[in-house]
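Numbering (our numbering), first residue to last: 850 to 1027.
One structure is given here, and the rest of the page talks about it.
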């Protein structure tokens, strides 16, 4: 059983500039209703893009809460005229918010908004929290840890950086256990 990881004061700023996270993604350029497979692919792609939230100087104190998704499935896609929903079941065991990482297994049902416009059907990411796939999170956190380990502060054994590296390593360990 893991306990909650508390965020600490700021470490030296990272050289990595986070990329803007898209708020929606095109599921199908056609006007027909999107399939569950198209919804799955689009939502997965948005989750991979949201991993850039973890490539900051403080990946364990995200302004937007981050749910690291172990697995998800599309239960159904429903549409009516130009609006709709993709109903997902999400399994996760790590959540990151501004107060640190929380390790608790959770299964939740989430609805992603779908909209049809002239370009086709798009999925709109929830604004209240970001959903990041476990593999994308591991890649982002590993890169962040490697960057921190090569920093001047780490070379000088700065306790703030060393403790942050330890927390990221603990989080990676939890993600890789599954």
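Virtual Cβ for every residue (Gly too), placed ideally from N, Cα, C.
Since this is a predicted model, take the numbers as computed values, not measurements.
Quiz item: Does the region 923 to 940 touch the region 950 to 958, meaning 3 or more C-beta pairs lie closer than 8 Å?
Solution: yes
Quiz item: Do you know how far the Cα of residue 946 is from the Cα of residue 930?
Solution: 36 Å
Quiz item: Just checking my contact of residue 1003 with residue 997 at CB under 8 Å: how many whole Å lie between their CB atoms?
Solution: 6 Å
Quiz item: Ends of the beta strand (DSSP E) at residue 938?
Solution: 932 to 946
Quiz item: Which residues does DSSP pair with residue 921 in a beta bridge?
Solution: 939
Exercise. Could you please give me the residues that DSSP links to residue 962 through a beta bridge?
Key: 934, 973
Quiz prompt | Host alpha helix (DSSP H) of residue 1017 (start-end) | solution = 1008 to 1026
Quiz item: Are residue 899 and residue 973 touching if we call contact CB-CB under 8 Å?
Solution: no
Quiz item: In three-state terms, what does DSSP make of residue 881?
Solution: coil
Self-check item: Simplified DSSP state of residue 866, which is helix, strand or coil
Solution: Confidence at residue 866 is low in this model, with a pLDDT of 48, below 50, so the placement of that residue should be treated as unreliable; the coordinate-derived value is given next. In the structure shown, residue 866 sits in coil (DSSP, three-state: anything other than H, G, I, E or B).
Quiz prompt | Beta-bridge partners of residue 955, as assigned by DSSP | solution = 941
Quiz item: Looking only at C-alpha atoms, which of 1010, 1014, 1025 sits nearest to residue 986?
Solution: 1025
Quiz item: According to DSSP, is residue 994 helix, strand or coil?
Solution: helix
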